[in-house]
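Undergrad:
Protein chains: 2
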Amino acid sequence: MSQLRVHNLTMSVDGYVAGPEQSLQHPLGVGGERLHGWMFATRAGRAMLGGEGGTAGVDDAFVVRGDVGVGATVMGRNMFGPVRGPWPDEEWTGWWGPRPPYGHPVFVLTRHARPSVTMEGGTVFHFVTDGPESALARARAAAGGADVRLGGGAATIRQYLALGLVDHLHVVVAPVLLGDGERIFEPAADLAFRYECAPPVAGDGVTHLVLTRRPR
Amino acid sequence: MSQLRVHNLTMSVDGYVAGPEQSLQHPLGVGGERLHGWMFATRAGRAMLGGEGGTAGVDDAFVVRGDVGVGATVMGRNMFGPVRGPWPDEEWTGWWGPRPPYGHPVFVLTRHARPSVTMEGGTVFHFVTDGPESALARARAAAGGADVRLGGGAATIRQYLALGLVDHLHVVVAPVLLGDGERIFEPAADLAFRYECAPPVAGDGVTHLVLTRRPR
Chain W
1 MSQLRVHNLT
11 MSVDGYVAGP
21 EQSLQHPLGV
31 GGERLHGWMF
41 ATRAGRAMLG
51 GEGGTAGVDD
61 AFVVRGDVGV
71 GATVMGRNMF
81 GPVRGPWPDE
91 EWTGWWGPRP
101 PYGHPVFVLT
111 RHARPSVTME
121 GGTVFHFVTD
131 GPESALARAR
141 AAAGGADVRL
151 GGGAATIRQY
161 LALGLVDHLH
171 VVVAPVLLGD
181 GERIFEPAAD
191 LAFRYECAPP
201 VAGDGVTHLV
211 LTRRPR
Chain F
1 MSQLRVHNLT
11 MSVDGYVAGP
21 EQSLQHPLGV
31 GGERLHGWMF
41 ATRAGRAMLG
51 GEGGTAGVDD
61 AFVVRGDVGV
71 GATVMGRNMF
81 GPVRGPWPDE
91 EWTGWWGPRP
101 PYGHPVFVLT
111 RHARPSVTME
121 GGTVFHFVTD
131 GPESALARAR
141 AAAGGADVRL
151 GGGAATIRQY
161 LALGLVDHLH
171 VVVAPVLLGD
181 GERIFEPAAD
191 LAFRYECAPP
201 VAGDGVTHLV
211 LTRRPR
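If you're matching them up, the sequences are chains W and F in order.
Under full-length UniProt numbering, think of the first position of the first sequence as 1, with each following residue one higher.
Under full-length UniProt numbering, think of the first position of the second sequence as 1, with each following residue one higher.
#1: Alpha carbon to alpha carbon, what distance is there between G32(W) and W38(W)?
#2: Taking just the CA atoms, how far does H7(F) sit from D60(F)?
#3: Run through DSSP, which three-state label would E90(W) get?
#4: Check for me: the alpha helix (DSSP H) holding F62(F) runs from which residue to which?
#5: Rounded C-beta distance between G94(W) and F125(W)? I'm assuming under 8 Å.
#6: Comparing the C-beta of A44(W) with each C-beta of chain F, is any distance below 8 Å?
#7: Cβ atoms of G57(W) and D204(W): under 8 Å apart, would you say?
#8: Checking contacts by CB at 8 Å: is T207(W) closer than that to chain F?
#9: Kindly say whether Y160(W), judged by its beta-carbon, lies nearer than 8 Å to any beta-carbon of chain F.
#10: Buried or exposed: which applies to P115(W), given that a residue is buried once 16 or more other Cβ atoms fall within 10 Å of its Cβ?
#11: In the DSSP assignment, what residue or residues form a beta bridge with G76(F)?
#12: May I ask you to report which of helix, strand or coil DSSP gives G121(F)?
#13: What residues in the region 162 to 181 of chain W bring their beta carbon closer than 7 Å to a beta carbon of chain F?
#14: By a C-beta neighbour count over all protein chains shown, 10 Å radius and 16 as the cutoff for buried, is E193(F) buried or exposed?
#15: Listing by chain order, which chain C residues have their CB less than 7 Å from the CB of P199(F)?
#16: Can you list the residues of chain F that A202(W) reaches, using a CB-CB cut of under 9 Å?
#17: So, does the region 167 to 177 of chain W touch the region 196 to 214 of chain W, judging by three or more C-beta pairs under 8 Å?
#18: Around the Cβ of A18(W), are there at least 16 other Cβ atoms within 10 angstroms (buried) or fewer (exposed)?
#19: Quick check on this structure: which residue in L35(W), A139(W), P105(W) and G152(W) has the alpha carbon closest to the alpha carbon of G81(W)?
#20: Name, please, each residue of chain W whose Cβ falls closer than 7 Å to the Cβ of G15(F).
#21: I'd like to check one pair, L209(W) with P200(W): are the Cβ atoms closer than 8 Å?
#22: Keeping to the same chain, check which residues put their C-beta closer than 8 Å to that of P86(F); ignore five residues upstream and five downstream.
#23: With a CB to CB cut of under 6 Å and the five nearest residues on each side skipped, what residues in its chain are close to T118(F)?
#24: Name the chain W residues that come within less than 7 Å of Y195(F), Cβ to Cβ?
#25: Could you tell me which whole alpha helix (DSSP H) segments of length 4 or greater appear in the region 165 to 204 of chain F?
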């Protein structure tokens, strides 16, 4: 059964996955980029940016695992870009340049319709205006039996968590304080019953936690 | 200089240090006791309850360190007991029986005055009605140059954090989801500048994080 999976979601000690005041200049909010240093120290993380070298230990294994068995991605509009409201034109095609690191169909949740955009390397951005369940259904169909990866941002992950649709949630706790920003976990009394958390795995300066949905 | 220290503050993955619906039956809120299993697996944690045996590794070292150099404790009324409002009588003397595991003066923050209570083994409960700064000043004086330990509950720790008075904050992340309850970190934009977090230390199924206040 095709799963919906979140990977490498990095959280500060005070519970934020992005800092405050997100903008074009600070897409992860002020200080938010400090969360992700661990990932760009790994071989897989560097390769994602077109670089070489990097560590090949536990952290790298987690990054690699995030791509295995994934046939499509769903993301929120904030992860796709900083543009708000109706699309002024079709110029913005994501943060990732002409060849995004997906290589498969990506479904972007938005309230504003837009034609699909085909990028280099197999990534095609589709814009879904009829809600998260529809986006997931379309992603599942496009993945052809493989899993669907849920990107971000925080609001999109919260939305799918609240709908009970996330099967696998890999959270990384970084020894960083952000003070304010976007949380991933909002009060949800049934969360404790719906998910179980594996024992923590020590990485290189971060801690990996994997939540999986309990069988219904 | 006498420090104000928090130790063994255990937080769920979703950021709660106590579950929802705290009561006499569930002093740590529903499910909250699941947070503390790691501590009662250690030698020091068992000894606290009058027991024997237990592990002697990283987790035990952190529990032991929580008591070293401490000459007084400050706690909120919720940590002292479930009684709310004016004290109906002087019957309630804490959760810990006739010989509490403190062995030094304990200052309980409350809005309702009450005479001090001397327990067995050196613990004396004092009730402070003029606020957290006064409680800390009295505890520092009673500690005679030693450090002051800040107990709980969550609201009391939040209060001292907001006042910038906590010097050392040992947080333990347990692979538990509570869904709802009491958070320790509320949005506080300056927290990121006031504290730094050491790299995580892997315990036995939990992760230790130590925050220290940056020099002013």
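Beta carbons are placed, not taken as given, at the ideal position from N, Cα and C, and that holds for glycine.
TA: The structure says:
#1: 13 Å
#2: 12 Å
#3: coil
#4: V58 to R65
#5: 7 Å
#6: no
#7: Cβ distance < 8 Å, so D204(W) and G57(W) count as in contact.
#8: yes
#9: With 8 Å as the cut-off, Y160(W) does not count as an interface residue toward chain F.
#10: Classification of P115(W): exposed, given that the 10 Å Cβ count is below 16.
#11: L109(F)
#12: helix
#13: Among the residues of the region 162 to 181 of chain W, those with a Cβ less than 7 Å away from any Cβ of chain F are V171, V173, P175, V176, L177, L178, G179 and D180, in the order of the chain.
#14: As written in the sequence, residue 193(F) is Phe, which differs from the Glu given in the question. F193(F) comes out exposed.
#15: Protein chains W and F are contained in the structure displayed, whereas chain C is not.
#16: P200, V201, A202 and T207
#17: yes
#18: Its Cβ being crowded by 16 or more others within 10 Å, A18(W) is buried.
#19: G152(W)
#20: G15 and F185
#21: yes
#22: H112
#23: V124
#24: L177
#25: 191 to 194, all fully within the region 165 to 204 of chain F.
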